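Per our numbering: the sequence shown = residues 1 to 441.
Yeah, the Cβ is synthetic: ideal placement off N, Cα and C, and Gly gets one too.
Note that the coordinates shown come from a computational prediction; the quantities given were computed from them, not determined experimentally.
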Amino acid sequence: MSNIVNVLFNFFVSVLYECSLILIALVALPKLIYQFIMHKKYRASLLTRLGIRYPKIEKNNHRTVWIHAVSVGEAKAIVSLAREIKQLFPESQLIISSTTETGHMEAKRSLPFADKHVYLPLDLRCIVSPIISKASPDLVILSESDFWYNFLSCAKNKGAVIALVNGKISEKSMNRFCQVPFFSKRLMNLFDIMCLQNESYKERFIKIFSPIDKMVITGNLKLDDEYPQLSNEDVQHWRKRLGIDPAQPVLTIGSSHNPEEQIFLDVLKRIWKKFPTLKVILVPRHPERFKDVAALLDREHIQSIKFSEIQRKTGKEQVILIDTMGMLRMCYQLSDIAIVGGSYTSKVGGHNILEPCWYGKPVLFGPYMHTQVELVGLIKHYEAGFQVNPDELEKKIEDWLSNPVERDEVGRKGLRLIKEVKGSTKRTMSALEPLLSRLQK
Numbered sequence: 001m002s003n004i005v006n007v008l009f010n011f012f013v014s015v016l017y018e019c020s021l022i023l024i025a026l027v028a029l030p031k032l033i034y035q036f037i038m039h040k041k042y043r044a045s046l047l048t049r050l051g052i053r054y055p056k057i058e059k060n061n062h063r064t065v066w067i068h069a070v071s072v073g074e075a076k077a078i079v080s081l082a083r084e085i086k087q088l089f090p091e092s093q094l095i096i097s098s099t100t101e102t103g104h105m106e107a108k109r110s111l112p113f114a115d116k117h118v119y120l121p122l123d124l125r126c127i128v129s130p131i132i133s134k135a136s137p138d139l140v141i142l143s144e145s146d147f148w149y150n151f152l153s154c155a156k157n158k159g160a161v162i163a164l165v166n167g168k169i170s171e172k173s174m175n176r177f178c179q180v181p182f183f184s185k186r187l188m189n190l191f192d193i194m195c196l197q198n199e200s201y202k203e204r205f206i207k208i209f210s211p212i213d214k215m216v217i218t219g220n221l222k223l224d225d226e227y228p229q230l231s232n233e234d235v236q237h238w239r240k241r242l243g244i245d246p247a248q249p250v251l252t253i254g255s256s257h258n259p260e261e262q263i264f265l266d267v268l269k270r271i272w273k274k275f276p277t278l279k280v281i282l283v284p285r286h287p288e289r290f291k292d293v294a295a296l297l298d299r300e301h302i303q304s305i306k307f308s309e310i311q312r313k314t315g316k317e318q319v320i321l322i323d324t325m326g327m328l329r330m331c332y333q334l335s336d337i338a339i340v341g342g343s344y345t346s347k348v349g350g351h352n353i354l355e356p357c358w359y360g361k362p363v364l365f366g367p368y369m370h371t372q373v374e375l376v377g378l379i380k381h382y383e384a385g386f387q388v389n390p391d392e393l394e395k396k397i398e399d400w401l402s403n404p405v406e407r408d409e410v411g412r413k414g415l416r417l418i419k420e421v422k423g424s425t426k427r428t429m430s431a432l433e434p435l436l437s438r439l440q441k
């Protein structure tokens, strides 16, 4: 009798979840139609996510591992882990899925050893189930906090073991899950192991009825990210190519969002009066905004040039707008100071502020870092950068431009931070060992 009740209740939860997704999809439909018509890049992803043009995925004679990384940051973070799994099981089929267009592009760029790069299908059972049936994954790994009930339950029904790596959850998301305990408990119990970043996140997962016996603290995979290093000759080559003189100070602003560019330009206009030779490299987070940012620079009468047109440079440009994906880390290496965007708008909540630290660059970031609390704590503990409000940004940049000794010392502290906190990949692989052993059978 209890089994029948449980089956009926699970069916009720699934139907309620499906209806909620359909309602959300209907509300978002006008925007999706607009993007489909106006932006070519969204057409492939939308048709793929609807299962209409899904890449051919078939179960091979060996095991299949499916790793999901929702966007750019998650795709970068799983590189070391995915590479170790592929090296350990070279004959296994490795599928990498993403949700966003930029995440998909980053996954293809940074995980070329994967067998398939796909978009995660829309989480309706009628779409997910056929795809999961064809792929028949043996191990499913989700990164951070992108939970999809039908995707996971279909994989579980097909016999997959499921792991969460680099697990985190915001207080806002925790409160939402607490409002639907019957759903949260069933979702979290689909995981066979939950590798979490820290104790704070563990406490939040416990509050949403996650199985405590399946949790293990493994640290933040972003600390083990693989960062390409340019030689001194390459740095000088790129500075010359961008029209930057050898002694010219450079400020790189990475992963900016709307309306952050306007905030930064207002500050920079005042700084250029005192430091007219300062060169700024501006790297917007999303490629669809390249044209908008270029138009903003024109409206503000800023001398600028897009990287795609760099051959036309005069050397007098104040701002170089990077309108090509995959160049941010190279730009950090060319700079003396770095600002990480997404932190001056409450809608985002921050990005990876450790990226400049890998190259010994002092980092500045804004007040809105609620999605990267652990990284803020590390930066502050090691004194590898500063969290500053917009009205404090001008003074901090000018201080570092005036005092390169202090600036470089902060950068060295960032290098020390990176050296001392690495090791999450090793701990995660150790925690996953019981699940990975299934791939050997």
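Could you check if residue i belongs to the surroundings of the ligand FAD, using beta carbon to heavy atom distance under 6 Å?
i	result
ILE320	With respect to small molecules bound, the structure shown includes none, and the ligand FAD cannot be examined in it.
Give the straight-line distance between the Cα atoms of residue i and residue j, rounded to the nearest whole angstrom.
i	j	result
GLU288	LEU122	22 Å
PRO284	HIS257	6 Å
GLY509	LEU23	The displayed coordinates of the chain run from 1 to 441. Any statement about residue 509 would go beyond what the structure contains.
ARG329	LYS76	12 Å
VAL207	CYS178	Looking at the sequence itself, residue 207 is Lys, so the reference to Val does not match. Their backbone Cα atoms lie some 7 Å apart in a straight line.
THR425	THR218	8 Å
GLU433	LYS116	23 Å
ASN60	LEU111	20 Å
GLY423	PRO362	23 Å
VAL421	PRO130	42 Å
ASP298	GLN387	29 Å
ASP391	ARG270	12 Å
SER343	VAL267	16 Å
LEU435	ASP225	23 Å
THR277	LYS380	30 Å
ALA431	GLN87	17 Å
GLN93	ASN166	22 Å
ALA82	PHE113	9 Å
Report all residues from its chain with a CB closer than 6 Å to the CB of residue i; omit the five preceding and five following residues, and keep chain order.
i	result
LEU230	GLN333
PHE151	ASP123, VAL128
LYS313	GLY243, ILE305
LEU265	GLU300
GLY51	PRO121, ILE127
TYR382	LYS413, LEU417
THR48	TYR54, TYR119
PRO246	none
GLY315	GLY243
ILE302	GLN318, VAL319
GLU74	SER143, GLU144
PHE89	LEU439
ASP336	PRO249, VAL250
ILE263	TYR344, PRO390
My guess is that residue i and residue j are in contact by the Cβ rule of under 8 Å, so how many angstroms apart are they, rounded?
i	j	result
VAL70	THR100	7 Å
HIS68	ASP146	6 Å
GLU398	LYS274	6 Å
CYS195	LEU164	6 Å
LYS279	VAL250	5 Å
VAL340	ILE320	That pair is no contact at about 18 Å.
ILE57	ILE95	7 Å
GLU84	ASN198	The Cβ separation is near 22 Å, so there is no contact.
ILE162	LEU190	6 Å
GLY360	GLY411	4 Å
Going by C-alpha distance, which of the options is nearest residue i?
i	options	result
GLN248	SER173, TRP272, TYR34, ASP225	TRP272
SER173	ALA163, SER184, LEU378	SER184
MET327	LEU50, ARG186, VAL388, ILE253	ILE253
ASP408	VAL376, VAL373, ALA338	ALA338
PRO137	GLY73, ARG63, PRO112	ARG63
ASN220	VAL118, ARG427, GLN440	ARG427
TYR368	LEU378, ASN389, CYS357, GLY360	ASN389
ALA160	SER335, GLU383, ILE132, ASN166	ILE132
TYR149	SER14, ILE96, TYR119, LYS168	SER14
ARG241	VAL140, ASP336, GLU317, GLU58	GLU317
ASN157	LEU139, ASN166, GLY167, LYS168	LEU139
MET215	HIS237, GLU203, ASP225	GLU203
GLY366	ASN175, GLY385, TRP358	GLY385
Which same chain residues, not among the five before or five after residue i, have their C-beta less than 7 Å away from its C-beta?
i	result
THR371	SER170, GLY349, GLY350
PRO228	ARG329
PHE209	PRO181, SER184, LYS185, MET188
GLU18	LEU124, ARG125
Residue i bridges to which residues according to DSSP?
i	result
ILE320	ILE281, ILE305
GLY167	LEU196
THR64	GLN93
LEU142	HIS68, LEU164
MET215	MET194
LEU251	VAL280, ILE337
VAL118	SER97
GLY385	VAL363
SER256	PRO284
Which same chain residues, not among the five before or five after residue i, have their C-beta less than 8 Å away from its C-beta?
i	result
MET325	THR102, MET105, GLU106, ARG109, PRO287
CYS331	THR252, GLY254, ILE281, VAL283, ILE322
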